[in-house]
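A quick write-up on the structure given underneath.
Numbering (the working numbering), first residue to last: 298 to 572.
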């Protein structure tokens, strides 16, 4: 709703100011000129303070909305950067990165976001990793404690840039149906179509480290703040999701659950429809 300051809102204050000045002039014979000047200035100052307060009250919501929109745009750009990194990885390896790399004993070693480091201007960090050791090994810990700007949603804020253990946080998670353990899928296996398959998206709770192989969720679980769900800021009323074609779509929290499940699957042969 747009708020407009009208003459009706200011007129009472001006009327009061004029009346007060006239009263002072009428009493001039009883007061010194200096006293009258100070009183007039005081009344003018009071009116100005009231007007400024009204203007600030009207402008603050607009400023807040502009900041929120800017943060939302930055988050969208982060997802686009992740999508471009995914595509560049696919160009090199003919597949998307594995969601998580585990040993035969199910010991977690590395994650899909780690594989993207060379493609998000973090090649120097990537080259320091000892891939013969788990990501949590003492030698690797300082590397994975780094904060990667592209992996942080400005709507969440810098206070959640670290998780347990001091590791760098990610405010985005991968689609576990596409980014699988010790393997992944390629474009030619996405029979549902790249524009109908989710790769990653925003999360609003249960944040994990970008180096954690478990940093994946199933979009079919719906939107929310649970550790197994994707989710956006409460005021956003939806989530920004990265699709396999590299585009970023805002998906309403009111989306049909079956449609969301269809978008989660790369080859489920479901009818997606509009979303």
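Cβ coordinates follow ideal geometry from the N, Cα and C atoms, glycine included. Every value quoted in this text rests on a predicted model; they were computed, and no experiment measured them.
For residue i, which residues does DSSP report across the bridge?
| i | result |
| --- | --- |
| residue 459 | 465 |
| residue 573 | Outside the shown range of the chain (298 to 572) lies residue 573, about which nothing can therefore be said. |
| residue 537 | 547 |
| residue 426 | Answer by DSSP bridge pairing: none, since residue 426 is not bridged. |
| residue 397 | 408, 478 |
| residue 366 | In the DSSP output, where bridge partners are listed per residue, residue 366 has none listed. |
| residue 332 | For residue 332, which the question treats as bridged, DSSP gives no partner whatsoever. |
| residue 584 | Examination of residue 584 is not possible in this model, given that the chain is present from 298 through 572 alone. |
Going by C-alpha distance, which of the options is nearest residue i?
| i | options | result |
| --- | --- | --- |
| residue 410 | 386, 391, 429 | 386 |
| residue 376 | 434, 449, 348 | 449 |
| residue 550 | 458, 536, 544, 562 | 536 |
| residue 571 | 432, 442, 492 | 492 |
| residue 469 | 488, 511, 437, 490 | 511 |
| residue 478 | 463, 399, 539, 471 | 399 |
| residue 489 | 567, 363, 336 | 567 |
| residue 392 | 527, 496, 552 | 496 |
| residue 500 | 485, 487, 482, 472 | 472 |
| residue 502 | 515, 524, 516 | 524 |
| residue 562 | 487, 547, 539, 552 | 487 |
| residue 531 | 365, 337, 353 | 365 |
| residue 268 | 564, 343, 418, 439 | Since the displayed the chain opens at 298 and closes at 572, residue 268 lies outside it and no answer follows. |
| residue 389 | 543, 445, 415, 336 | 415 |
| residue 384 | 426, 412, 371, 463 | 412 |
| residue 462 | 560, 446, 433, 480 | 433 |
| residue 494 | 480, 522, 543 | 543 |
| residue 444 | 430, 422, 429 | 422 |
| residue 517 | 331, 371, 553 | 553 |
| residue 405 | 559, 522, 509 | 509 |
| residue 397 | 431, 352, 558 | 431 |
By a C-beta neighbour count over all protein chains shown, 10 Å radius and 16 as the cutoff for buried, is residue i buried or exposed?
| i | result |
| --- | --- |
| residue 407 | buried |
| residue 303 | Annotation note: pLDDT 49 at residue 303 (below 50); position unreliable, no value reported. |
| residue 395 | buried |
| residue 345 | exposed |
| residue 334 | exposed |
| residue 555 | exposed |
| residue 347 | exposed |
| residue 403 | exposed |
| residue 299 | Confidence in residue 299 is poor, its pLDDT being 46 and thus under 50, which makes the residue's placement unreliable; the coordinate value appears in the next sentence. Its Cβ having fewer than 16 others within 10 Å, residue 299 is exposed. |
| residue 301 | Bear in mind that a pLDDT of 46 at residue 301, under 50, signals an unreliable position, so the number given afterwards is only what the model happens to contain. By the 10 Å Cβ count, residue 301 comes out exposed. |
| residue 526 | buried |
| residue 454 | exposed |
| residue 338 | exposed |
| residue 439 | exposed |
| residue 417 | buried |
| residue 258 | For the chain, the structure presents residues 298 to 572; residue 258 sits outside this window and is missing. |
| residue 425 | exposed |
| residue 342 | exposed |
| residue 480 | exposed |
| residue 514 | buried |
| residue 354 | exposed |
| residue 447 | buried |
| residue 569 | buried |
| residue 352 | exposed |
Tell me, to the nearest whole angstrom, how far the beta carbon of residue i is from that of residue j; I am working on the premise that it is less than 8 Å.
| i | j | result |
| --- | --- | --- |
| residue 466 | residue 460 | 5 Å |
| residue 534 | residue 452 | With a Cβ gap of about 13 Å, residue 534 and residue 452 do not count as contacting. |
| residue 545 | residue 373 | 5 Å |
| residue 457 | residue 504 | 6 Å |
| residue 547 | residue 506 | That pair is no contact at about 26 Å. |
The ligand NAD and residue i: does the residue's C-beta get closer than 7 Å to at least one heavy atom of that ligand?
| i | result |
| --- | --- |
| residue 561 | For the ligand NAD, the structure offers nothing, since it holds no ligand at all. |
What beta strand (DSSP E) runs, 3 residues minimum, are completely inside the segment 477–530?
495–499
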